[in-house]
Every structure is written in structure tokens, then in C-alpha cells.
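K.L.:
Sequential numbering from 4 applies to the sequence shown in the numbering used here. Glycine residues also receive a C-beta, built at the ideal position from the N, C-alpha and C atoms. Before I ask anything, let me first share the structure, which is written out below as C-alpha cells.
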Amino acid sequence: MEIKKTRNTEKQNLVKEILSKSEHTLSADDIMLAMPIKVNKTTIYRILDRFTEKGEVHFVTGKNGKAYYALCGNSCGTSHKIHNHIHFECQICNEVTCQPNTLHIPNLEGFTIQETQFLVIGICNKCKK
Numbered sequence: 004m005e006i007k008k009t010r011n012t013e014k015q016n017l018v019k020e021i022l023s024k025s026e027h028t029l030s031a032d033d034i035m036l037a038m039p040i041k042v043n044k045t046t047i048y049r050i051l052d053r054f055t056e057k058g059e060v061h062f063v064t065g066k067n068g069k070a071y072y073a074l075c076g077n078s079c080g081t082s083h084k085i086h087n088h089i090h091f092e093c094q095i096c097n098e099v100t101c102q103p104n105t106l107h108i109p110n111l112e113g114f115t116i117q118e119t120q121f122l123v124i125g126i127c128n129k130c131k132k
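Below you can see the structure in the form of C-alpha cells.
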């Protein structure tokens with residue numbers, strides 16, 4: 004089995020920078036629009052997939068079926084496969100945010116859990132005002 008060597012490219016650095024500056028999760032479309040250089044969506048998805056495999060980024064699927072990405076950090080730890088925190092999607096502004104609430108993931112006898120997604124939908128504090 005050949006180990007694929009990846010290098011740190013300008014585009015990867017830009018994606019990380021965009022995610023690190025955001026207070027909420029971002030879709031691939033959001034990231035593409037924020038890029039200061041021209042990058043196609045396929046490249047954005049490849050970068051996000053690579054970061055997800057390495058445990059540097061996680062995603063949650065929103066109510067609309069889109070994937071929303073966030074850098075792994077204080078709210079979920081690093082180098083992990085299971086993301087056991089809640090994501091909140093606001094029905095008014097459509098922002099999806101990581102919440103600090105940790106959930107206990109049960110062992111399911113006879114099953115191997117490879118991924119978890121927890122999405123709570125409602126109205127955020129900004130939109131309530």
C-alpha cells in the first residue's frame with residue numbers, strides 16, 4: 004500500500020484561515036466566496052475531505068442537506084473521528100454553530116460507529132432580539 008504524501012498548499016492554508024476566522028460553520032460555497040484567489044468547488048471539497056480525514060475539520064449536515072464545516076478545536080478536541088457535540092442551526096439567519104455541550108455516545112453492541120452528527124434547529128440569540 005502506497006502512502007500518499009500531501010503538501011501544504013496555498014489553497015489549503017487559505018481554507019484553514021477562512022475557517023479559523025469564522026464564528027460559525029461554513030459551507031463549501033461560503034468558503035469559495037471568501038477565497039481571495041480563484042478556486043473551483045471541487046478543489047474546496049477535496050481540501051475539506053483531506054482535513055476531515057486528518058481530524059482537523061468536522062462537518063454537520065444542515066436541514067437543507069448541505070455540509071457545514073468547522074475547524075476542530077476547543078469545542079471538540081483534535082485528532083478524532085467522532086464529534087460528540089451539538090450543532091445549532093438558526094431558522095432565521097441559517098447559521099450553523101458548534102455548541103460546547105458534549106453528548107455521551109453509547110456503545111452499540113454489534114455496530115461500529117464511524118461518524119455522529121447532532122443538529123438542533125431553532126432560533127439563535129442574535130435573531131431573537
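Should S23 go down as buried or exposed, given a rule of 16 or more other Cβ atoms within 10 Å for buried?
P.N.:
As a working mapping, residue 23 is identified with position 20 in the sequence shown. That one is exposed.
K.L.:
Here's the rule I'm using: 16 or more other beta-carbon atoms within 10 Å means buried, otherwise exposed. How should P109 be labelled?
P.N.:
Taking the sequence shown and counting its residues from 1, one reaches residue 109 at position 106. Exposed is the call here.
K.L.:
Enumerated in chain order, which unbroken segments of the beta strand (DSSP E) with a length of 3 residues or greater are wholly contained in the segment 30–114?
P.N.:
You should have 60–64, 70–74, 88–93 and 99–105.
K.L.:
Is DSSP giving I21 helix, strand or coil here?
P.N.:
Taking the sequence shown and counting its residues from 1, one reaches residue 21 at position 18. It is helical.
K.L.:
Mark T12 as exposed unless 16 or more other C-beta atoms lie within 10 angstroms of its C-beta, in which case mark it buried.
P.N.:
Counting from 1 along the sequence shown, the entry for residue 12 is found at position 9. Burial call: exposed.
K.L.:
What does the Cβ neighbour count give for C96, buried or exposed, with the cut at 16 atoms within 10 Å?
P.N.:
One-based indexing of the sequence shown puts residue 96 at position 93. Exposed, by the Cβ-count rule.
K.L.:
When burial is assigned at 16 or more other CB atoms within 10 Å of the CB, is N118 buried or exposed?
P.N.:
Position 115 of the sequence shown, counted from the first residue, corresponds to residue 118. Just to set this straight, residue 118 is Glu in the shown sequence, not Asn. Exposed, since its Cβ has fewer than 16 Cβ neighbours within 10 Å.
K.L.:
Between which two residues does the alpha helix (DSSP H) harbouring C130 extend?
P.N.:
Sequence index remark: in the sequence shown, residue 130 carries index 127 (1-based). Residues N128 to K131.
K.L.:
How big is the Cα-Cα spacing for F62 and I50?
P.N.:
Translated into positions along the sequence shown, residue 62 becomes position 59. Translated into positions along the sequence shown, residue 50 becomes position 47. Their Cα atoms are separated by approximately 13 Å.
K.L.:
Starting from the Cα of L106, find the closest Cα among T115, F114, C127 and H90 and give me that residue.
P.N.:
The residue given as residue 106 occupies position 103 in the sequence shown. When only C-alpha atoms are compared, the closest one is H90.
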